[in-house]
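Structure, as structure tokens:
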Amino acid sequence: MELSHEEILRYSRHLLIPEVGLEGQQKLKASSALVIGTGGLGSPVALYLAAAGVGRIGLVDYDVVDSSNLQRQVIHGTSMVGKLKVESAKQRLLDLNPLIQVEAFNEPFTSENAIRIAKDYDILIDGTDNFPTRYLTNDLCVFLGKPNVYGSIYRFDGQASVFFAKEGPCYRCLFPEPPPPGLVPSCAEGGVLGVLPATIGSVQASEALKLLLGIGSPLIGKLLLYNALDMSFDFVTLKKNPKCRVCGPNADVTELIDYEEFCGVPGHDHEDDGSAGADWDISASDLRARVSSASGLLLLDVREPHELAISALRGATNIPLGQLAARLSELDSAREMVVFCKAGTRSARALELLVSAGFKKVKNLKGGINAWAREVDQSLPIY
Amino acid sequence: MPVIRIPAALKYYMDNHSELDIPASSVIDLLAALAERYPSVKFHLLDADGKLRRHFNVFVNGVHIRELDGLATKLNPDDKLILLASAAGG
Ligand SMILES: [Zn+2]
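Protein chains in written order, with the numbering used here: chain A, 5 to 387; chain B, 9 to 98.
Okay, structure coming up:
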């Protein structure tokens, strides 16, 4: 694939590296990468692949840009809040490099559409925010024989690897099963340092470029573990798991499955209306009526102590979810109780725990204190 | 004594330590000692049968315990362990 004079000038700093050169840059122009998720990881990955001149970049996401994304999702800007993420990202990428093609897939990535979307791309980049999409991306890559450039982030911790079943282990070789629902907090619940995805995303972009160029030693069979607080980079070696259900010799998963069912959680990381099920939920406005009728209602706040500085409900008892199991004796099971957290997800888990411990008069504040801030008390911030 | 790196998702239950020195002569003993020192981490780490939950992986000096003797892997005082948890965030 020939390069124009315009391209030769643009990619001049690549052409000067012997490992890339004119031939390598032509390879990049002829190559393609599918970026799954245009969030924290997808932002730097897509920006750097576009800048590097990867000829065709696909973007999959079905979300809209929210102002709480902008602390880390640097592909989007304030003027794009409320707009489709894939459209916002596409516009930014084409502004950065109008000489490439960008394909936007504004749809959830599912077992039904994944093959159609991914089959014509050379590599897949996993920048998603949830377990179902991660297992889907892995299995899809195993079945299509494509490399899966993996990254994940939480607070100050990041992981990166290249899962490529033809040459090494896959994601399932390492994590045969997803965690039980609710046991591993997401970034929406636990937070993430804004710059963390830049470190991990740039590792993913480097690995993607190396694979497309066919240079260097890829991160196959190795996992990078990064911690920003200690500024530590650890590598561990990974081998194929002979018992792997998708790439092992006795694999019994031979086609895409229902990943939301497999993981027991939805394929996204939204917690806007965290619910424990209709029978167990109470709305913010119903709770206001209950509170003002001055019953002996106990408000149980299961958020972390540092979140109380952001917003709080007067008179609430704070027992963080992680301590609840050990502190049940502090609660009176005869008393009516409403459990709440930021957005209703952690409190739904707390409710399960309470019910399984014999508490019967428990309700979950649907949508959490954020719903209360929206519907009842606008003096509280939403976070 | 062996040192173990704690994943971010569990630090909170372990007084925010990112690394701990735990006297133990095998991986299983070390995990049991962790669970004993920090009771609230036990449920996260071990399932109802006391087995390590399958979204965790343990590496000794960078090698997966599957390639060694699994949870029975013997430890030397200068061994470095990594407890790896799956994370979905992106
Ligand atoms: Zn595998």
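Don't be surprised by glycine CBs; every beta carbon is placed ideally from N, CA and C.
A:K214 in three-state terms, based on DSSP: helix
What residues of chain A sit near B:N65, judged by a beta carbon separation below 7 Å? L178
For A:V153, is the beta carbon positioned less than 7 Å from some heavy atom of ligand 1? no
Give the interface partners of A:A329 over in chain B, defined as CB-CB distance under 8 Å, in chain order. S48, F51
Find out if the Cβ-Cβ distance for the pair A:I129, A:V58 is shorter than 8 Å. No, the pair does not count as a contact, with Cβ atoms beyond the cut-off.
Rounded distance between the beta-carbons of A:A232 and A:L197, thought under 8 Å: The beta carbons of A:L197 and A:A232 sit about 6 Å from each other, so the pair counts as a contact at 8 Å.
Between which two residues does the alpha helix (DSSP H) harbouring A:T241 extend? That residue, A:T241, is in no alpha helix (DSSP H); its beta strand (DSSP E) goes 236–241.
Count the other CB atoms within 10 Å of the CB of A:R339; is the residue buried (16 or more) or exposed (fewer)? An exposed status is given to A:R339, since fewer than 16 other beta-carbon atoms sit within 10 Å of its beta-carbon.
Contact set between A:N134 and chain B, taken where Cβ atoms lie within less than 7 Å: A96
Straight-line Cα distance separating A:I121 from B:K50: 42 Å
Rounded straight-line distance, which links the Cα of A:S92 to that of B:K60: According to the sequence as given, residue 60 of chain B is Leu; it is not Lys. Rounded to whole angstroms, B:L60 to A:S92 spans 43 Å at the Cα level.
With H, G and I counted as helix, E and B as strand and the rest as coil, what does DSSP make of A:N231? strand
From the DSSP output, in three-state form, read off B:M22 for me. helix
Is it right to say A:I21 is buried, meaning 16 or more other beta carbons lie within 10 angstroms of its own, or is it exposed? exposed
What residues from the stretch 25–47 of chain B come within 7 Å of chain A, judged by C-beta to C-beta, listed N to C? S26, P47
Three-state secondary structure (DSSP) at A:S36? A:S36: strand per DSSP, three-state reduction.
Measure the CB-CB distance between B:L42 and B:A93 and report whether it falls below 8 Å. Contact: no.
Taking 7 Å as the cut-off, does the CB of A:V166 come closer than this to any heavy atom belonging to ligand 1? no
Return the CA-CA distance between B:A16 and A:Y158, expressed in angstroms with no decimal places. 7 Å
Round the Cβ separation of A:I204 and A:G155 to the nearest angstrom and send it over; I've been treating them as touching at under 8 Å. 4 Å
So if I threshold CB-CB distances at 7 Å, which residues from the stretch 305–330 of chain A count as touching chain B? G326, Q327, A329, A330
Beta carbon shell of ligand 1 at less than 5 Å from a heavy atom: A:C174, A:R176, A:C177, A:C248, A:C251
Can you list the residues of chain A that B:V71 reaches, using a CB-CB cut of under 8 Å? V240, T241
Cβ distance (whole Å) where B:R13 is taken to contact B:L91 below 8 Å: 6 Å
Please report whether the beta-carbon of A:N231 lies at a distance below 8 Å from any beta-carbon of chain B. yes
A:R159: contacting residues in chain B (beta-carbon distance under 7 Å): A16
Note the first and the last residue of the continuous beta strand (DSSP E) segment covering A:I12. Annotation: A:I12 is outside any beta strand (DSSP E); the continuous alpha helix (DSSP H) that includes it extends over 9–14.
Please return the same chain residues whose Cβ sits closer than 7 Å to the Cβ of A:E308, not counting the five positions on each side in sequence. P324
Considering just the uninterrupted stretch of the alpha helix (DSSP H) at A:K367, what are its terminal residues? In the DSSP annotation of this structure, A:K367 is not part of any alpha helix (DSSP H); the continuous beta strand (DSSP E) holding it starts and ends at 366–369.
Around the Cβ of A:E11, are there at least 16 other Cβ atoms within 10 angstroms (buried) or fewer (exposed)? buried
With 8 Å set as the bound, which would you pick, yes or no: does the beta-carbon of B:I12 sit closer than that to a beta-carbon of chain A? no
Of all the CB atoms in chain B, is at least one closer than 8 Å to the CB of A:Q163? For A:Q163, the nearest beta carbon of chain B is closer than 8 Å to its own beta carbon.
Of all Cβ atoms in chain A, is any one closer than 8 Å to the Cβ of B:A93? yes
Cutoff 8 Å: A:E171 Cβ touching any chain B Cβ: no
At which residues does the beta strand (DSSP E) containing A:Q105 begin and terminate? 105–109
List in chain order: all unbroken beta strand (DSSP E) runs of 3+ residues lying wholly within the stretch 35–83 of chain A. 36–40, 60–64
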